[in-house]
Each structure stands twice: as structure tokens, then as C-alpha cells.
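Q: Encoded as C-alpha cells, here's the structure I'll be asking about.
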Amino acid sequence: MKIKNFKIKFFLVFILVFLSSALFIGRAFVYDAAVAHAGLTKLAGELYNREAKIKLTQQEIAWLTQGSVEEDTPLRWMNHFYDPVNNKGLNGMYDSAKVWAKDYNKQTGFAKGNNTWQEAIYQYQKGNKDKTFMALGHILHLMEDMTVPAHTRDDAHPEGDPYEVWVKNNFKNVEAQVIYYSNLNDYFNYLANFSNNNFFSKDTINSYSQPKIFDLKEFGNYLVNKDNYRIISVKKDSVYKISKYFIDDNINQAYFSLLAPKAVGAGAGVIKLFFEEAQKPQQYDRPFWQTTPLGLAQEATLGAV
């Protein structure tokens with residue numbers, strides 16, 4: 000009877016994963032993990048090295064980058080949202096990115112399994128460098144997503160967010176300064192509030208208390224903030240005097256110039272914080288399953304990134 004019940008449960012799990020794939024497999028991973036996330040993570044590692052006494056090796060940066068790319072393995076990305084205003088994840092149904100970063104019990108049920116902050120520290124203290132930096136790369140991916148307005152304004156686009164599409168096609172190196180905080184949650188709060196409060200996403204124009212259209216200044220075909228950065232494009236109807244607001248390539252370029260340095264600077268700061276925390280004794284109730292049958296089924300059904 001127990002064997003039969005197990006088979007039934009496993010079958011239900013497989014069906015759940017299959018249905019999930021049918022719903023979400025069409026999602027374009029447009030903030031291309033192999034382009035944007037890999038690029039931002041590499042820059043974060045290099046920025047960290049400019050100020051660190053003990054430098055990351057090229058291999059360690061490569062592991063960071065690999066982990067950052069693998070964090071977008073289906074369906075992990077459903078936990079990559081964090082609305083700091085309402086303190087929730089995607090549609091209020093999934094872990095926020097801030098919770099996901101440390102939720103090892105939840106992560107074991109997804110493809111690639113447990114790659115939490117605690118697991119990275121555990122592997123470092125065990126001397127497993129490859130697993131250490133790959134897990135830390137997963138965390139850096141989450142930081143980078145906090146600099147995407149759609150991820151912090153609960154604006155999921157299965158067909159692809161316009162800003163993420165632009166970044167995929169126009170990614171370039173940026174200059175950044177290391178951002179310092181003393182705990183991981185502060186990094187999530189800082190980045191999520193910065194992108195939520197100062198930028199729009201496609202379907203959240205005027206949906207939050209900040210920014211507000213009427214607080215911005217008109218400058219040609221754009222509205223700019225107090226620092227004269229373009230925040231939104233505007234097209235006026237000469238007959239009905241109605242303004243249409245939208246995000247075009249020039250706006251995406253302006254967003255990237257402000258958001259990408261935050262991703263890189265915070266990433267470098269998180270690497271520094273990691274080494275500080277990894278020197279301390281840790282209390283970590285490490286799960287027996289690093290990847291549960293559900294997580295294995297996801298990976299087998301949906302594949303890699």
C-alpha cells in the first residue's frame with residue numbers, strides 16, 4: 000500500500016511539473032542569463048578584486064558566473080520577485096527573492112536544489128570551492144534581479160519584459176562603486192526600493208506611490224526626474240490633449256545607466272559580506288534532500304536554462 004501511495008504521489012508531482020511547463024515554458028528568458036547575468040556577475044567579481052586583499056581567482060569568478068546563470072533554471076525564476084512596498088513575491092503566491100535566498104526547504108523542491116546563502120557558507124567551511132562559489136553566484140543573480148523594475152513592481156511578462164529585452168541586446172560593461180551593508184537583507188531592501196521607487200515597468204506606470212508622473216519634469220518628448228534623468232517617454236495627442244506614456248529604447252538606456260552599476264556594486268559588496276560571514280560559526284539545519292524528487296522532475300522535464 001505504501002509503495003502504491005508513493006507511486007500515486009510521484010505521478011501527481013510529475014503531472015504538476017508537466018502542467019507548469021505547459022504554462023511557463025514559453026517564457027522568454029530575455030534578461031538572458033548567459034548575457035546579462037553572466038556579465039553583471041563577472042563585473043561584480045572584478046570590482047570586488049579591485050579592493051580586496053585576497054582576490055578571487057579567475058576560476059572562482061567562473062564558478063560565480065555559472066551559478067548566476069543556473070539560477071534561471073526553470074522554474075526557479077518564479078521566486079525572483081520582491082515588491083518591497085507590499086512585501087511580497089510574484090503575485091503574492093511565491094517566495095520573494097529575499098526569502099528565497101535563504102529558504103533551503105523551498106529551494107530543494109526546485110531544479111538545481113539548495114543553493115541558498117547558508118549552503119554557500121556551509122560549502123565554504125567544508126572547503127568545497129566549486130560548490131561555494133556556484134551557490135554564491137545564485138545569490139548574486141537574485142541581487143541583479145532586484146535592479147529590474149518589473150521584478151520589484153510585481154510585473155511578470157511571460158513574453159518578456161521590454162527592459163530585459165533591451166539589456167539582452169545592448170549589454171555593455173559599466174563602472175561601479177562597491178556598495179556596503181552588514182547583512183544580506185539590507186542589500187535586498189536597498190536595491191528593491193531603489194528600482195521600485197524610481198523607475199517604471201511596462202504595466203506599472205503610476206501603479207505605485209513612486210514615481211509619479213506629475214512629480215516629473217517635462218523635457219521634450221520625455222519626463223525627467225530631479226537629476227534630469229529620463230524616466231518615461233510621452234506622446235501628446237494634439238486633438239484630445241491626452242498624453243500617452245511609454246518606455247522606449249532611450250528610456251531603457253537611461254535605466255541601464257542607473258541600474259546596472261547598482262547591480263555590480265551590490266554584487267561586489269555581497270561577495271565581501273559572504274567572506275566575513277563565512278568566518279563565523281553558523282547554525283544551519285541542512286536538509287537531508289538537497290534536491291527533492293519534485294526538483295529532479297522539474298529539471299528532467301524542463302531542462303536547463
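Numbering (numbering that gives the first Met the number 0), first residue to last: 0 to 304.
We treat Cβ as the ideally placed atom computed from N, Cα and C, and that holds for glycine.
Just so we're clear, the structure is a prediction, and the values are computed from it rather than from any experiment.
If you draw a straight line from the C-alpha of F364 to the C-alpha of E174, how long is it?
A: Nothing in the structure corresponds to residue 364, since the chain is present only between 0 and 304.
Q: Between K128 and N184, which are expected to be in contact by the criterion C-beta below 8 Å, what is the C-beta distance as a whole number of angstroms?
A: To locate residue 128, count along the sequence shown from 1; it is residue 129. To locate residue 184, count along the sequence shown from 1; it is residue 185. Going by Cβ atoms, the distance from K128 to N184 rounds to 26 Å, so no, they are not a contact pair.
Q: Report the rounded CA-to-CA distance for Q176 versus P260, giving the unit in angstroms.
A: Taking the first residue of the sequence shown as 1, we reach residue 176 at position 177. Taking the first residue of the sequence shown as 1, we reach residue 260 at position 261. So the two alpha carbons sit approximately 7 Å from each other.
Q: In chain order, what are the residue ranges of uninterrupted alpha helix (DSSP H) at least 4 long that sit wholly in the region 28 to 81?
A: Counting only runs of 4 or more, we get 37 to 50 and 57 to 69.
Q: Checking the sheet assignment: what are the DSSP bridge partners for L222?
A: As a working note, residue 222 is residue 223 in the sequence shown. According to DSSP, L222 bridges with E217 and I231.
Q: What's the C-alpha gap between D248 and W165?
A: Position 249 of the sequence shown, counting from 1, holds the residue named residue 248. Position 166 of the sequence shown, counting from 1, holds the residue named residue 165. Going by the C-alpha atoms only, they are around 7 Å apart.
Q: Any idea what DSSP makes of S95, helix, strand or coil?
A: As a position in the sequence shown, residue 95 is number 96, starting the count at 1. In the structure shown, S95 sits in coil (DSSP, three-state: anything other than H, G, I, E or B).
Q: For F273, name the three-state secondary structure that DSSP assigns.
A: If you number the sequence shown from 1, residue 273 lands on position 274. Of the three classes helix, strand and coil, the one that applies to F273 here is helix, per DSSP.
Q: Just mark Y103 as buried or exposed, buried being the case when its beta carbon has 16 or more other beta carbons within 10 Å.
A: Residue numbering aside, residue 103 sits at position 104 when the sequence shown is read from its first letter. Y103 is buried by the Cβ-count criterion.
Q: Taking its Cβ as the centre, do 16 or more other Cβ atoms sit within 10 Å of N168, making it buried, or is it exposed?
A: Position 169 of the sequence shown, counted from the start, is the residue given in the question as residue 168. Exposed, by the Cβ-count rule.
Q: CA-CA distance, A265 and F287?
A: The count along the sequence shown starts at 1 and reaches residue 265 at position 266. The count along the sequence shown starts at 1 and reaches residue 287 at position 288. A265 and F287: Cα-Cα distance of roughly 32 Å.
Q: Residues in its own chain within less than 7 Å of L222 by CB, not counting five upstream and five downstream?
A: Along the sequence shown, read from residue 1 onward, the residue named residue 222 stands at position 223. Excluding positions up to five away in sequence, the list reads I212, L215, K216, I230, I231 and V233.
Q: Just the C-alpha distance for E276 and N114, rounded to the nearest angstrom, thanks.
A: Within the sequence shown, residue 276 is the residue found at index 277, counting from 1. Within the sequence shown, residue 114 is the residue found at index 115, counting from 1. So the alpha carbons of these two residues sit roughly 16 Å apart.
Q: Distance check for N172 and A43, CA to CA, integer angstroms please.
A: For this step, residue 43 is matched to residue 44 along the sequence shown. For this step, residue 172 is matched to residue 173 along the sequence shown. The alpha-carbon atoms of A43 and N172 are separated by roughly 11 Å.
Q: When DSSP builds the beta bridges, which residues end up paired with K243?
A: Looking up residue 243 in the sequence shown gives position 244. Paired residue(s): K234.
Q: With the cut-off set at 7 Å, would you say T72 and A35 are in Cβ contact?
A: For the purposes of this step, residue 72 is identified with residue 73 of the sequence shown, where counting begins at 1. For the purposes of this step, residue 35 is identified with residue 36 of the sequence shown, where counting begins at 1. No, they are not a contact pair.
Q: So what does DSSP say about K128, is it helix, strand or coil?
A: Start at 1 with the first residue of the sequence shown, and residue 128 comes out as number 129. DSSP places K128 in helix when its eight states are reduced to three.
Q: Does the distance from the CB of A100 to the CB of L141 come in under 7 Å?
A: Walking along the sequence shown from the start, residue 100 turns up at place 101. Walking along the sequence shown from the start, residue 141 turns up at place 142. Yes. Within cutoff.
Q: Let me know if D94 comes out buried or exposed under the rule of 16 or more other beta-carbons within 10 Å of its beta-carbon.
A: As a first step, residue 94 is located in the sequence shown; it is residue number 95 there, counting from the start. Looking at its Cβ environment, which holds 16 or more other Cβ atoms inside 10 Å, D94 is buried.
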